[in-house]
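Read through the structure below, which is laid out as structure tokens, and then see the notes.
This is how it looks when you write it as structure tokens:
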């Protein structure tokens, strides 16, 4: 639900309305100890990956964490508590209001195949340009998914082209 609507309506059918972009949203009220332990294990296993994401994106995100909300996307950006949604920031800036940029939280999906593959590369290839480029692309993808502009569309287009060239080359070899 749009943040403006959530602030005005607050509830529907005796259920509170929440923005899906908020930091501490609880989607499953019946979370048990077993799944909580499983979440802690996932977070621990991805520490090196989270640290790599954090070091690359340190000036753009407040934090990188393992997501409990994502099912199909590899990453998403969420608003920290007390922060302003990106679309509201853009709207206020478009009306010449001075609004500080909110550093959002990047959540990574530990179940997504791409995240698993990058995580498996970290121990042996952590500082490679390839891993850095993929992390930058995932961040840009998260920005695009939320409707925010990316910092440098030309670099993004070049990265996508390089990935497509490699994928096409691999497909030719497999054929």
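In the working numbering, the protein residues as written are 210 to 384. Glycine included, C-beta positions come from ideal geometry on N, C-alpha and C. Since the model is a prediction, treat every value here as computed from it, not as a measurement.
*asked:* How far does the alpha helix (DSSP H) with residue 269 in it extend, from its first residue to its last?
replied: The count along the chain shown starts at 1 and reaches residue 269 at position 60. Unbroken run through residue 269: none, as it is neither H nor E.
*Whole angstroms is fine: what's the gap from residue 271's alpha carbon to residue 310's?*
What you label residue 271 is simply residue 62 of the chain shown in a count that begins at 1. What you label residue 310 is simply residue 101 of the chain shown in a count that begins at 1. C-alpha separation (whole angstroms): 11 Å.
*For residue 314, which residues from the same chain have a beta carbon less than 8 Å from its beta carbon, with the 5 sequence-adjacent residues on both sides left out?*
Here residue 314 corresponds to residue number 105 of the chain shown, with the count starting at 1. Excluding residues within five positions, the ones whose Cβ falls inside 8 Å are 232, 270, 271, 272, 273, 274, 286, 287, 288, 289.
*Out of 264, 281, 332, point me to the one whose CA is closest to residue 323's CA.*
By one-based count along the chain shown, residue 323 stands at place 114. If we check each option's Cα against that of residue 323, 281 comes out closest.
*Which partner residues does residue 316 have in the DSSP bridge list?*
Residue 316 sits at position 107 when you count from the first residue of the chain shown. Beta-bridge pairing links residue 316 to 274, 285.
_Counterpart residues of residue 224 in DSSP-defined beta bridges_ = As a first step, residue 224 is located in the chain shown; it is residue number 15 there, counting from the start. According to DSSP, residue 224 bridges with 221.
*Option nearest residue 291 by Cα separation, candidates 369, 305, 312*: The residue you call residue 291 lines up with position 82 of the chain shown. Of 369, 305, 312, the residue nearest in Cα terms is 312.
*Between residue 284 and residue 260, which are expected to be in contact by the criterion C-beta below 8 Å, what is the C-beta distance as a whole number of angstroms?*
Within the chain shown, residue 284 is the residue found at index 75, counting from 1. Within the chain shown, residue 260 is the residue found at index 51, counting from 1. That pair is no contact at about 15 Å.
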